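There are 2 protein chains.
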Amino acid sequence: MAQTRYHYPATSVDVVIFTLRADDLQVLLVRRKHAPFEGRWAIPGGFVEADESLEAAARRELKEETGVRDVYLEQLYTFGDPKRDPRGRVVTVAYLALVSAPLAVQAGDDASDARWWSVYKLPSLAFDHAKILQYALQRLRYKLEYTAAGFQLLPPSFTLTEIQKAYEIVLGEPLDKRNFRRRIAEADILEETGASTLSRGRPAKLYRFRDDAVAEVKTRRLFP
Amino acid sequence: MAQTRYHYPATSVDVVIFTLRADDLQVLLVRRKHAPFEGRWAIPGGFVEADESLEAAARRELKEETGVRDVYLEQLYTFGDPKRDPRGRVVTVAYLALVSAPLAVQAGDDASDARWWSVYKLPSLAFDHAKILQYALQRLRYKLEYTAAGFQLLPPSFTLTEIQKAYEIVLGEPLDKRNFRRRIAEADILEETGASTLSRGRPAKLYRFRDDAVAEVKTRRLFP
DNA sequence: TCAAAAGTGTTTGTGGTACACCCATGG
DNA sequence: CCATGGGTGTACCACAAACACTTTTGA
Numbered sequence: 001m002a003q004t005r006y007h008y009p010a011t012s013v014d015v016v017i018f019t020l021r022a023d024d025l026q027v028l029l030v031r032r033k034h035a036p037f038e039g040r041w042a043i044p045g046g047f048v049e050a051d052e053s054l055e056a057a058a059r060r061e062l063k064e065e066t067g068v069r070d071v072y073l074e075q076l077y078t079f080g081d082p083k084r085d086p087r088g089r090v091v092t093v094a095y096l097a098l099v100s101a102p103l104a105v106q107a108g109d110d111a112s113d114a115r116w117w118s119v120y121k122l123p124s125l126a127f128d129h130a131k132i133l134q135y136a137l138q139r140l141r142y143k144l145e146y147t148a149a150g151f152q153l154l155p156p157s158f159t160l161t162e163i164q165k166a167y168e169i170v171l172g173e174p175l176d177k178r179n180f181r182r183r184i185a186e187a188d189i190l191e192e193t194g195a196s197t198l199s200r201g202r203p204a205k206l207y208r209f210r211d212d213a214v215a216e217v218k219t220r221r222l223f224p
Numbered sequence: 225m226a227q228t229r230y231h232y233p234a235t236s237v238d239v240v241i242f243t244l245r246a247d248d249l250q251v252l253l254v255r256r257k258h259a260p261f262e263g264r265w266a267i268p269g270g271f272v273e274a275d276e277s278l279e280a281a282a283r284r285e286l287k288e289e290t291g292v293r294d295v296y297l298e299q300l301y302t303f304g305d306p307k308r309d310p311r312g313r314v315v316t317v318a319y320l321a322l323v324s325a326p327l328a329v330q331a332g333d334d335a336s337d338a339r340w341w342s343v344y345k346l347p348s349l350a351f352d353h354a355k356i357l358q359y360a361l362q363r364l365r366y367k368l369e370y371t372a373a374g375f376q377l378l379p380p381s382f383t384l385t386e387i388q389k390a391y392e393i394v395l396g397e398p399l400d401k402r403n404f405r406r407r408i409a410e411a412d413i414l415e416e417t418g419a420s421t422l423s424r425g426r427p428a429k430l431y432r433f434r435d436d437a438v439a440e441v442k443t444r445r446l447f448p
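Below, the structure is given as C-alpha cells:
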C-alpha cells in the first residue's frame, strides 16, 4: 500500500459492528484478500478519503459492508503504534457500531468474504484487531450499564422479554425480570405499539422507543 | 479502494493540560507564533513523528511545554473534520493531562508565549480548540465523579481539606465535609505521611496516595 | 482566651435486590 | 384443560445525604 514517502502516517478507520443474532452477541468480520495477513479475518475498515470526516469514513465503511445507514456509531479510540501495520505507519481511528437487523452482508472490495462471528468464539485476527475488538466489547458492556444504547441492537419493535434477553446476552449474566421491567418503566423510554406477538403462550405486547427519549442516562456518582 | 495519489492527512496530537492554581482550575495555552491564527492562543500540540506512538508524541509535547514527565495522561478523542485546519487536512488526537505542581512553563519552538488560563475565563482560541477544550473539561468532571483521578492535580502530599477544595473547584459545587471524608476513608487510597501543616488554627494531617491504590473505581450500574 | 481551621457520628430517606404467583392464549 | 410464556408487588438492606458541635493550635 502507500509507502510513506512523506512521513505522515496513513489514516484509516476501523468499524467494530455488533449485532444480536441467534441469542448471541456477534461481530462482523471480513476475510482479507491481500497481504499482509492474507486470508486472516479482520475488522472492516479502510483509509480516510481526502475530503471526508472521520465519522463519514466510518459510515461509508459501514454502508459498504452492511448496506445500513442511520445506525448507532461512536468513536472508540485511536490506535497509533508505529508497528501495528507491517506495510508502514497507519494510524487507525476505531469506531463502534450497533445494528439491529441481522441482514445479509456484502463483502467490499477489500475482502473476499464477510460473516458474523460470535464474540465468544473468534478466529485469529489480523493486525492488532483482537485488541481493538476487546476494547470495543468492553466499551459496549460498560455503555449498557449506564445508558440505553442496548436498544440499538434490537429491531424497531420488540417485547420486554426480548430486550431483557438482549441485555443478558451482552452482559453475560442473568437479570431479574421484575426489576428489569421496573427500571425500563421508570426510564420512560418505551411506548407500546399496540400490537402483540402471536406465539405459543400468552401474547406479549410490542414496544418501540420513544423518539424523544434521552439515550444517555447519567449515573449517580460513586466517588467522592 | 480508491488509491489515487493524494496526501494522507497530517497527524498531530494536542494535549489539554489541567492543573489547580490559586483555587482555580486552569489550563495551559500557548500563543501561536505563526500563521494561521498568529497571535491566538491554542492548546499545545504538534505533529507526530515518524516512528513515535501517539502517546509518546503527547508525552513529548507535554515535556516540551511543562518539563514534567510521569503525569496522568489519557487519550480523549480524535478530531478529523476536513476543514479544521486552514493549511490542509490535519487529523488531531487530543489527550488530557493532569499535572500537580504549578511549575514554570517553557514555551516551545512553536509558541512565542505560554501561560495558564482559568477555564472560566478563556481567551478566543485557534482552530477548533475551544471545542476540544470543552470536551476535555467535560471528561475531567465526569472522571472525577467515578474515579480517583482528581488526586493527580494535587502535590504529593496534601490535607483532606485541600483535596476537598480541589474536588469542589473542578466540579463547581460544594461538598459536605463529613461525607467527603467518609468516602475518602472508605476508598482506602490514602495514607498519612506522619507530618502536619503548621498554619493558623489546628494543624492538619498530611496524606499521600497509597502506591498500590486502584484509581479506577467502578460505578454501580444505573441502567437497566 | 480568642480566632481559626481540623476533626468527628447519627438519623433519615431512597434506591437496589431478592423473591413467587396469577394471567392469557393456542393446541 | 394443560402447557407455555407474559405479566405483576413487596419486604428488606445498604448506601447516600443532611446536619452541628468539639478539638487543637497560634497569636
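Protein chains in written order, with the numbering used here: chain A, 1 to 224; chain B, 225 to 448. Glycine included, C-beta positions come from ideal geometry on N, C-alpha and C. Computed from a prediction, not measured in an experiment: that's the story for all the values here.
| query | result |
| --- | --- |
| Option nearest Lys430(B) by Cα separation, candidates Asp436(B), Leu414(B) and Arg424(B) | Reading off the sequence, residue 430(B) comes out as Leu, not Lys. Nearest option by C-alpha distance: Leu414(B). |
| Under 7 Å from the C-beta of Asp51(A): neighbouring residues of chain B | Pro306 |
| Neighbouring residues, chain A, relative to Pro398(B) (Cβ below 8 Å) | Within 8 Å Cβ-Cβ: nothing; Pro398(B) doesn't reach chain A, min ~12 Å. |
| Spatial distance of Ala94(A) from Leu140(A) (CA atoms) | 13 Å |
| Residue of Asp435(B), Asp275(B), Glu273(B) and Asp305(B) minimising C-alpha distance to Ala290(A) | Because chain A in this structure spans residues 1 to 224, residue 290(A) falls outside the shown range and cannot be described. |
| Unbroken alpha helix (DSSP H) run spanning Arg178(A), endpoints | Lys177 to Ala187 |
| Ala350(B) beta carbon less than 8 Å from that of Arg256(B) | yes |
| Glu192(A) in three-state terms, based on DSSP | strand |
| Ser100(A) versus Val315(B) - alpha carbon distance | 31 Å |
| Per-residue burial, Ala57(A) [other beta carbons within 10 Å of its own, 16 or more giving buried] | buried |
| Segment contact, 8 Å Cβ cut-off, at least three pairs: the segment 352-363 of chain B with the segment 237-250 of chain B | yes |
| Counted within 10 angstroms of its Cβ, other Cβ atoms place Ser420(B) as buried (16 or more) or exposed | exposed |
| Whole-angstrom distance between Lys355(B) and Phe158(A), CA atom to CA atom | 38 Å |
| Beta-carbon proximity check, Ala321(B) vs Leu297(B), cutoff 8 Å | yes |
| Endpoints, the alpha helix (DSSP H) within which Ala97(A) is located | First-last for Ala97(A): Val90 to Leu98, but that is the beta strand (DSSP E), not the alpha helix (DSSP H). |
| Ser236(B), buried or exposed, once every other Cβ within 10 Å from all chains shown has been counted against 16 | buried |
| 8 Å Cβ cutoff, Val315(B) in contact with chain A | yes |
| Within the segment 102-166 of chain A, ranges of the alpha helix (DSSP H) (whole runs, at least 4 residues) | 129-146 |
| Cβ pair Leu153(A), Leu62(A) closer than 8 Å | no |
| C-beta neighbour in chain B for Pro9(A), strict 8 Å | yes |
| Residue interval of the alpha helix (DSSP H) (run including Ala204(A)) | From DSSP, Ala204(A) is part of no alpha helix (DSSP H); its letter is neither H nor E. |
| Cutoff 8 Å; reference Lys83(A); Cβ partners in own chain excluding five residues on either side | none |
| CB contact below 8 Å: Thr385(B) versus chain A | no |
| For Thr290(B), three-class secondary structure by DSSP | helix |
| Rounded C-alpha distance that separates Lys165(A) from Asp23(A) | 8 Å |
| One or two residues paired with Ile17(A) in a DSSP bridge | Ala97(A) |
| Spatial neighbours of Pro398(B) in its chain, beta-carbon cut-off 8 Å, leaving aside the 5 residues before and after | Glu392 |
| 8 Å Cβ cutoff met for Arg313(B) and Ala234(B) | yes |
| Boundaries (first-last residue) of the beta strand (DSSP E) holding Phe261(B) | First-last for Phe261(B): undefined, no H or E at that position. |
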